[in-house]
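This report refers to the structure that appears directly beneath it.
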Amino acid sequence: MKKINMVDLKGQYDKIKEEIDQAILKVVESTAFINGPEVKNFQQDLEKYLGVKHVIPCANGTDALQVSMMALGLKPGDEVIAPSFTFVATAEVIALLGLTPVLVDVDPHTFNIDPKAIEKAITPKTKAIVPVHLFGQCSDMDLIMDIANKHHLFVIEDNCQAIGADFISSNGSRKKAGTIGHVGCTSFFPSKNLGCYGDGGAIFTNDDQLAEKIRIVVNHGMTVRYYHDLIGVNSRLDSIQAAILKIKLKHLDEYAAARNKAASYYDSAFANNPKLKTPVRFNKSTHVFHQYTLVTNGFDRNKLPEFLQEKGIPAMIYYPVPMHLQKAYLDPRYKDGDFPVTEKLSKSVVSLPMHTELDEEQLKHITSSVLEFVNR
Ligand SMILES: Cc1ncc(COP(=O)(O)O)c(C=O)c1O
65 MKKINMVDLK GQYDKIKEEI DQAILKVVES TAFINGPEVK NFQQDLEKYL GVKHVIPCAN
125 GTDALQVSMM ALGLKPGDEV IAPSFTFVAT AEVIALLGLT PVLVDVDPHT FNIDPKAIEK
185 AITPKTKAIV PVHLFGQCSD MDLIMDIANK HHLFVIEDNC QAIGADFISS NGSRKKAGTI
245 GHVGCTSFFP SKNLGCYGDG GAIFTNDDQL AEKIRIVVNH GMTVRYYHDL IGVNSRLDSI
305 QAAILKIKLK HLDEYAAARN KAASYYDSAF ANNPKLKTPV RFNKSTHVFH QYTLVTNGFD
365 RNKLPEFLQE KGIPAMIYYP VPMHLQKAYL DPRYKDGDFP VTEKLSKSVV SLPMHTELDE
425 EQLKHITSSV LEFVNR
């Protein structure tokens, strides 16, 4: 059996090696490492794929979030609503910009931000909502956009984990995750569904003026060379990464299908097991399975990864500590017990290997090992 990894980047690379190697070599030979034609080419391909007017590439997903908040003109003291069950980047950039993170609980089934909780958290200082499309499926963007429109709030979609997923609105329209709010952010971190071979990210928007401002902010706030009209940052996607992403984008839907196939295998193996809850598919979103995350009960969750490790199977806990209980983000406004769903999930979730290269032999070994532990 092939070695089992959480993410098999080597197996994926081997299948497209020739094309990738040539593309990298072409950039090296051109020496157009920064802002070369590959960046524009990839940007245009991604705009087409997403059906969005503007894609602005940047250095990583965290920058994408930060730049979006800067370009939207959010100011210290403004409140930004974000889920308590997420990766730290969301809260990190809010805090770095001197904004006030207002955390809210998530839905127990989809793990995504709970729209009812958003509404309750709104104050006169609220300026934006950051729904995180966690593990590969969309938050309820119908309800979130309704709330945002009603209260005149910006919506910044953190789409770092759900690129390629479709949101299916109650009116039947289909849009790509990250293109529904005022602005969407993604990460091209290597293990992401569309990952490059280093760091990378992008911002999406349909708003021409906002796009222009984002382009200025990512480029040192510069309008004309050496004339700085805004305080900006230096956040670029380099040409080698763009060349790689252009190739991988062509495979993104096929990658999502491979992830879904593995997820279905896991689902059937664990169906009806009272100690394992398989991921709930939200009926308004397709799922691109950035992670396959089980909710466990009736056994010590922390012992499962240890047991699997001995059988050559990695497993991860995303995320073991809710945002409001992270040391750096402790805040007198929040205490243990404030976000019961998040806190329960942090204690009970476990993510299994999920990538495009999982074969049946590996899936059989993973599922039978999980069941051996759970049923003993
Ligand atoms: C939900 C979420 N937001 C933001 C990020 C930050 O992306 P990056 O690592 O590219 O900065 C990530 C990825 O790590 C993420 O999963």
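All residue numbers for the sequence shown refer to this note's numbering, where the first residue is 65 and numbers rise by one. In this text, a Cβ means the ideal position worked out from N, Cα and C, and glycines have one as well.
- Straight-line measurement puts the Cα of A327 at about 38 Å from the Cα of A135.
- The criterion of a C-beta distance shorter than 8 Å is not satisfied by I211 and P165.
- Beta bridge pairing from DSSP links I145 with V166 and I193.
- Rounded to whole angstroms, K314 and G115 show a C-alpha spacing of 15 Å.
- Between T250 and N270, the CB-CB gap reaches or exceeds 8 Å.
- Note on geometry: alpha-carbon atoms of R397 and M209 lie some 26 Å from one another.
- Beta-carbon to beta-carbon, V297 and D127 are separated by about 7 Å, close enough to satisfy the 8 Å threshold.
- Beta-bridge partners of M286 (DSSP): H292.
- Looking at S349, E318 and H419, the one whose alpha-carbon comes closest to that of S237 is S349.
- Judged by DSSP in its simplified three-state form, Q355 adopts coil rather than helix or strand.
- In summary, H419 is buried, with 16 or more beta-carbon neighbours lying within 10 Å of its beta-carbon over all protein chains present.
- By the neighbour-count criterion, in which a residue is buried when 16 or more other Cβ atoms sit within 10 angstroms of its Cβ, F199 is buried.
- The beta carbon of K367 sits closer than 8 Å to the beta carbons of F437 from its chain, once the five residues preceding and following it are set aside; these are given in chain order.
- Looking at the DSSP output, K240 bridges to D230.
- Counting C-beta pairs closer than 8 Å gives fewer than three between the region 171 to 178 and the region 423 to 433, which falls short of the contact rule.
- When the alpha-carbon of V170 is set against those of P386, M380 and V92, the nearest one is in P386.
- The closest CA to that of L301, considering only I311, D263 and L160, is found on D263.
- For A266, the uninterrupted beta strand (DSSP E) run begins and ends at G265 to T269, by DSSP.
- Judged by their CB atoms, Q390 and V152 are nearer to each other than the 8 Å cut-off.
- Taking all protein chains shown into account, E143 has 16 or more neighbouring C-beta atoms within 10 Å of its C-beta and is therefore buried.
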